[in-house]
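Chains as they are written, first to last, in my numbering: chain A, 643 to 901; chain B, 643 to 901. Report on the following structure.
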């Protein structure tokens, strides 16, 4: 067992053919045995959605002799993790990595992100998990610049094990490898999207909307992921799925709810 | 201003015609001015999904003389909140209530729930928010038994204001009003779904899956939402959207990431 290669599950939300997941597969192949289960189409901003009112399809897309076994799935990123763990993998993976996302999942974006929700789902199932995102929405983003960092963070996670109930949200600045200053453990910056809906008319005269908006960072702290990324660092935020605001329970117990 | 009725935004994930939201509207009408913006179809288990690769439609479904203004929306519960705040409401609402969900959103369900994600989105936008759920999946569930509690919690939230960065996740046991023992402030129980995919064949011979599973409570604590509900109490969990596991930052700083 000691010399067994680690089993690594890979997924994403940009779809199985995205360059970001291809780069992640290339890196993880150098560390362990890799199984890919990823959406058959883009599933960005799906949050922690799961498919309960519809059927799910799973297609093996790799060939028999390929070094990596790959499946595409008709569902969401979270569906992919659930199907992988329950229907495909013979043992619990040693690591689940999600991404590399084309675009930022820093700060409040963690909550909308399919990439991060897949990692969180793995975490809920007791699998050490990391979501990786590059601050470049371009389909042809240069993932090569960050490959060595991705490998270092994955290896360190395999060795040190994550604290219980925690997964990692890793975001990379859009910089050349030599210009990246290092890796910082951060907290999630307090921020939000200020929406500006783009209202249009269909050719038939009916109003419709496109969601668009502007990211507003309300947080001046120098210990946040936004600060790290703006200053040339890779941000690593430990993310938990116990959403309880424990520090507010005492205050809420003073409310008059049982009078 | 002092005598102005509170403005209350109502949404849900079961769709605008669900009995649960109808019950919530009836109760909130007795407290304030009500605007409804809810999905035009069921959107359960959508988590914090938003619609970014598709268009959104908004239809006013109430008549001019109705006491409550209602819109249906083609998007997710989170889309509904974003559209309401940015395109419909003239001022920031004093309260956003989501539900009443047909079925539990206790424990880890909070993370998959469209009902709770709508409340969380309102919270991110600085609006006091509550998600309500009844532990009865039946379309004809008896919401009348919990109306007085819904009103009490909403009034107390309007009066006391929520702690910053927190929304409330309220779950009701399926009991008669007289048998409900009271309201308990709780933490989210540690639990997960153990999946059992139901594998079938299409009429054309292709495999497909239905996601199903069993809820497993791993938490024996008597301060959890699961304990409260099993023992006849209404559970109220303060939920935060800063997902940072602050208590693990020190440990992660001992990792060898910049060597």
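Positions of the beta carbon are idealized from the N, C-alpha and C atoms, including for glycine. The structure displayed is predicted, hence computed values, not measured ones.
| Item | Value |
| --- | --- |
| Whether residue 791(B) touches residue 876(B) by CB criterion (8 Å) | yes |
| Beta-carbon proximity of residue 662(A) to residue 741(A), cut-off 8 Å | yes |
| As assigned by DSSP and simplified to three states, the class of residue 859(A) | strand |
| Run of the alpha helix (DSSP H) containing residue 794(A), from where it starts to where it stops | 789-802 |
| Within 8 Å, strictly: CB atoms of residue 754(A) and residue 687(A) | yes |
| Proximal residues, the stretch 674-691 of chain B versus chain A, C-beta separation under 7 Å | 684, 686, 687, 688, 689, 690, 691 |
| Simplified DSSP assignment, three categories, for residue 752(B) | helix |
| Chain B contacts made by the stretch 780-795 of chain A, where a contact means CB separation under 8 Å | 794, 795 |
| Buried versus exposed call for residue 864(A) [16 or more other C-beta atoms within 10 Å across all chains shown] | exposed |
| Through-space distance from residue 762(A) to residue 750(A), alpha-carbon basis | 15 Å |
| Residue environment, residue 602(B), which counts as buried when at least 16 other CB atoms sit within 10 Å | Beyond the ends of chain B as shown, which are 643 and 901, falls residue 602(B); an answer cannot be given. |
| Chain-ordered chain B contacts of residue 744(A) [CB-CB under 9 Å] | Near residue 744(A) there are no residues of chain B at all, since even the closest Cβ is about 13 Å away, more than 9 Å. |
| Three-state class that DSSP yields for residue 897(A) in the structure shown | coil |
| Within-8 Å CB hit, residue 759(B) to chain A | yes |
| Cβ-Cβ distance between residue 760(A) and residue 719(A) below 8 Å | yes |
| Cβ-based burial, residue 826(A) [other Cβ within 10 Å; buried from 16] | buried |
| Min CB distance residue 643(A) to chain B below 8 Å | Residue placement at residue 643(A) is flagged as unreliable, the pLDDT there being 49, under the threshold of 50; the coordinate-derived value follows with that caveat. Not closer than 8 Å to any Cβ of chain B, the Cβ of residue 643(A) fails to qualify, so no. |
| Span of the beta strand (DSSP E), counted from its first residue to its last, around residue 841(B) | 840-843 |
| Element boundaries [beta strand (DSSP E), containing residue 852(A)] | 849-852 |
| Coil, strand or helix - residue 773(A) by DSSP | strand |
| Alpha-carbon spacing of residue 891(B) relative to residue 880(A), whole angstroms | 7 Å |
| Residues near residue 842(A) by beta carbon distance below 8 Å, same chain, minus five either side | 849, 850, 851, 852 |
| Residue burial classification, residue 814(A) (beta-carbon count within 10 angstroms, cutoff 16) | buried |
| Own chain, CB closer than 6 Å to residue 818(A), minus 5 neighbours either side, in chain order | 787 |
| Reduced DSSP category for residue 814(A) - H, G, I as helix; E, B as strand; rest coil | strand |
| Burial state of residue 804(B) (16 or more Cβ within 10 Å) | buried |
| Inter-residue spacing [alpha-carbon to alpha-carbon] between residue 874(B) and residue 832(A) | 37 Å |
| Partner residues on chain B for residue 724(A), Cβ-Cβ distance less than 7 Å | 837, 853 |
| Assigned exposure category for residue 733(A) - 16 Cβ within 10 Å defines buried | exposed |
| Any chain A beta carbon closer than 8 Å to residue 870(B) | no |
| Rounded C-alpha distance that separates residue 600(B) from residue 868(A) | Coverage of chain B is limited to positions 643 through 901, which leaves residue 600(B) absent and any answer about it impossible. |
| Secondary structure of residue 885(A), DSSP reduced to three states | coil |
| Burial state of residue 655(B) (16 or more Cβ within 10 Å) | buried |
| Residue 646(A), buried or exposed, once every other Cβ within 10 Å from all chains shown has been counted against 16 | exposed |
| Chain A within 8 Å of residue 802(B), Cβ atoms only | yes |
| Segments of 4+ residues assigned as alpha helix (DSSP H) that fall wholly inside the stretch 686-732 of chain A | 719-725 |
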